[in-house]
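Following: one structure in structure tokens, then a few remarks.
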Amino acid sequence: MSLNKTVMLVIALCFGLIFMGCEKQPVSYPIDSDVSTTLQKTIAFKPVVSGNSTRLSAISQYGKYGYGNWTPGPGLPSDPRTDIMPAGYTGAAVTNRVKLLNFFSITDIHITDKESPSQIIYLQQLYYPNLLPPPYNALGHVPWSWQTSVYSPVMLYTTQVLDAAVQTINALHKQKPFDFGVSLGDAANSTQYNELRWYIDVLDGKVITPSSGAHLGADTIDYQKPFKAAGLDKTIPWYQTLGNHDHFWIGSLPVNIFLRQSFISDTIMAAGDVLFNPINITNPVYYMGVLDGSTPNGDIKSAGPAVTFNNPPRVVPDPDRRSLLRTEWIKEFFTTSSNPVGHGLNLVDPNQEKGFACYSFVPKSSVPVKVIVLDDTQSETDGDTSIHGHGFLDQARWNWLKKELADGDAAGQLMIIAAHIPIGVQPDGSFMEWWTDPQNAVNITDLIAELHSHPNLLMWIAGHRHLNTVKAFLTDDPTRPERGFWQVETSSLRDFPQQFRTFEIYLNSDNTISIVTTDVDPAVKDGTPAATSRKYAVAAQQIAGNNLSPNNPASDPTSVGYPTAPDPTIKPMPTASYNAELVKQLTPEMQAKMRSYATPK
10 MSLNKTVMLV IALCFGLIFM GCEKQPVSYP IDSDVSTTLQ KTIAFKPVVS GNSTRLSAIS
70 QYGKYGYGNW TPGPGLPSDP RTDIMPAGYT GAAVTNRVKL LNFFSITDIH ITDKESPSQI
130 IYLQQLYYPN LLPPPYNALG HVPWSWQTSV YSPVMLYTTQ VLDAAVQTIN ALHKQKPFDF
190 GVSLGDAANS TQYNELRWYI DVLDGKVITP SSGAHLGADT IDYQKPFKAA GLDKTIPWYQ
250 TLGNHDHFWI GSLPVNIFLR QSFISDTIMA AGDVLFNPIN ITNPVYYMGV LDGSTPNGDI
310 KSAGPAVTFN NPPRVVPDPD RRSLLRTEWI KEFFTTSSNP VGHGLNLVDP NQEKGFACYS
370 FVPKSSVPVK VIVLDDTQSE TDGDTSIHGH GFLDQARWNW LKKELADGDA AGQLMIIAAH
430 IPIGVQPDGS FMEWWTDPQN AVNITDLIAE LHSHPNLLMW IAGHRHLNTV KAFLTDDPTR
490 PERGFWQVET SSLRDFPQQF RTFEIYLNSD NTISIVTTDV DPAVKDGTPA ATSRKYAVAA
550 QQIAGNNLSP NNPASDPTSV GYPTAPDPTI KPMPTASYNA ELVKQLTPEM QAKMRSYATP
610 K
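Quick note on this note's numbering: the sequence shown kicks off at 10 and runs consecutively.
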């Protein structure tokens with residue numbers, strides 16, 4: 010065949026493939042081949058240029074001043090913790106142990122439609138221009154507008170970071186198979202349909218189009234380009250927890266008629282400082298802005314005082330931005346190709362009211378461990394006019410939790426509570442603490458007392474605060490150390506340190522339980538969008554200086570020194586990560602039951 014005929018044949022084949030619907034496939038983003046955990050290495054910040062500072066939104070200056078540069082740091086050893094064990098216990102008598110479960114937790118991914126007209130980006134800019142402290146709100150707390158939660162350049166790459174985390178999980182699964190995974194809430198940033206679909210579709214391994222409206226920059230800008238997600242290994246079942254961002258506008262307010270229309274509007278939202286006082290939602294003082302997907306750095310546009318605009322700034326509307334009701338949010342998890350269909354929400358008691366999002370499951374039928382997935386977010390109808398970040402149980406959820414715990418005891422099951430909001434780690438009066446309103450069916454004192462009364466409870470795991478804190482709930486009866494339990498928080502995949510956690514549960518030869526929990530950085534590959542996101546996350550932390558190791562007097566009345574002293578069981582985290590082996594005493598009855606597992610199989 011001549012050269013000309015060969016060229017013509019190639020051209021004909023190309024056109025034929027196009028007409029057959031076989032266009033060029035979207036790109037996939039591989040992760041680095043060196044997959045490890047923070048036991049082996051951590052992320053260390055490189056110093057910035059001395060004497061210089063910049064704004065979060067000035068991404069073009071990051072390189073000039075050295076923001077976002079990092080290098081591999083030393084590994085972080087696993088801290089042996091025996092806080093809730095009898096005095097004098099060291100674990101020295103343990104000669105071998107048998108693995109019961111291996112699972113991972115991801116949380117606070119905050120998949121974000123950066124082009125949605127229903128955001129509050131400008132509030133972060135409002136207080137940040139001169140790096141001056143923001144005003145304090147009526148409770149004496151710094152509003153979120155000072156934090157990276159309102160605006161951060163990592164908003165550009167939320168889908169790509171999740172994809173890198175999923176690939177890292179798959180690689181670890183090949184080394185040590187996971188029995189399951191659990192997502193601890195805030196999958197979406199602001200209740201939007203497209204945000205939730207991107208989240209589920211990344212885990213399913215679908216093609217993701219991470220833009221909306223006019224789809225600006227979809228052909229040229231890396232964070233806007235469609236890509237093919239890897240998908241979670243189909244042999245790993247994953248389960249979902251409800252977070253406050255999943256059913257409240259930006260995790261803060263119930264979606265009323267005004268807000269519901271704003272999601273699908275062609276006009277940028279105009280409002281007052283809703284984080285200082287949520288009643289300002291209908292006060293059109295500032296246009297809140299969007300991120301410009303046609304620019305490499307996702308520049309903020311259409312933001313500022315309303316009086317400076319001749320006409321309301323507009324966007325191309327998109328029906329996929331619609332806000333989801335609880336029932337609609339739940340329904341989306343049944344449209345999935347990963348396992349199980351419903352991702353645990355299929356296990357919700359059908360006799361409960363619509364929108365109920367609590368359920369339990371046994372990960373391995375051969376191991377007596379039950380996971381209780383608890384929705385402890387506020388209700389849309391509670392009438393609260395403040396930010397909806399509090400821990401809360403209505404009467405139906407409180408009754409359900411007590412029954413699940415009692416049933417677990419009766420069945421001889423060890424138990425894990427998986428919830429979005431942690432307990433006993435926030436000061437009274439803060440917007441993340443356990444809500445003290447009478448509508449809450451249980452106060453923090455009675456909740457912890459109930460948990461202490463179930464000695465088979467191993468731990469409460471949670472997200473919400475974007476931290477890796479571990480807290481010991483010491484026994485309420487020194488003669489019964491088995492009444493103590495642990496709380497383990499997992500940081501966000503959005504903000505630094507952008508990590509997930511693994512949990513390995515062992516039965517020790519002395520009939521105690523060890524929970525080995527380890528933080529993991531996604532193995533991002535240089536040159537990929539996820540690598541850019543890590544750089545931006547590092548830069549945002551360097552600029553904003555968020556406290557990633559807080560230990561303020563908490564609302565937990567069982568804490569040593571309550572209410573004035575920090576909790577001595579919460580350890581400092583200089584690297585924002587924390588690895589630990591958490592030891593738990595079993596009741597005599599559970600020790601006898603677990604002896605059949607004591608011989609390594």
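All C-beta atoms in this analysis are idealised placements derived from N, C-alpha and C, irrespective of residue type, glycine included.
Where E598 is concerned, the enclosing alpha helix (DSSP H) starts and stops at P597 to M603. The DSSP-derived three-state label of Q249 is strand. With fewer than 16 other Cβ atoms inside 10 Å of its own Cβ, K373 counts as exposed. Where L423 is concerned, the enclosing beta strand (DSSP E) starts and stops at L423 to A428.
Y74 is the residue among Y74, K55, S518 and A589 whose C-alpha sits nearest the C-alpha of S62. Rounded to the nearest whole angstrom, the C-alpha separation of T47 and L181 is 13 Å. In this structure, L557 is the residue among D565, E598, P597 and L557 with its C-alpha nearest to the C-alpha of K580. Annotation: A471 to T116 spans about 8 Å, alpha carbon to alpha carbon.
For W407, the enclosing alpha helix (DSSP H) starts and ends at Q404 to A419. S42 counts as exposed, since fewer than 16 other beta carbons sit within 10 angstroms of its beta carbon. G433 is a Cβ neighbour of I457, given a cutoff of 8 Å. Looking at the DSSP output, Y368 bridges to V382.
Rounded to whole angstroms, the separation of the alpha carbons of G438 and N561 is 12 Å. In terms of CA proximity to I259, I130 leads the group H429, A223, G214 and I130.
Looking at the backbone, the Cα of G353 and that of Y368 are separated by about 7 Å. The region 499-556 is shown to contain whole alpha helix (DSSP H) runs of 4 or more residues at 538-553, in chain order. For S192, the enclosing beta strand (DSSP E) starts and ends at F189 to S192. Secondary structure note for I129: it is in no alpha helix (DSSP H), with a DSSP letter that is neither H nor E.
Nearest neighbour of V299 by Cα position, chosen from Y571, N555, T91 and M164, turns out to be M164. The beta carbon of D393 sits closer than 7 Å to those of Q387 and D446, all from its chain and outside the five residues before and after it, given in chain order. The region 406-414 and the region 533-541 do not touch, with fewer than 3 CB-CB distances between them shorter than 8 Å.
Per DSSP, D88 is not a residue of any alpha helix (DSSP H); the beta strand (DSSP E) it occupies stretches across D88 to R90. The closest CA to that of D92, considering only L356, S220 and F494, is found on F494.
Rounded to whole angstroms, the gap between the alpha carbons of F236 and T250 is 26 Å. Three or more beta-carbon pairs separated by less than 8 Å link the region 194-203 to the region 256-275, which places the two stretches in contact. The shortest C-alpha to C-alpha distance from T276 to any of D282, S45, V283 and F267 is the one to F267.
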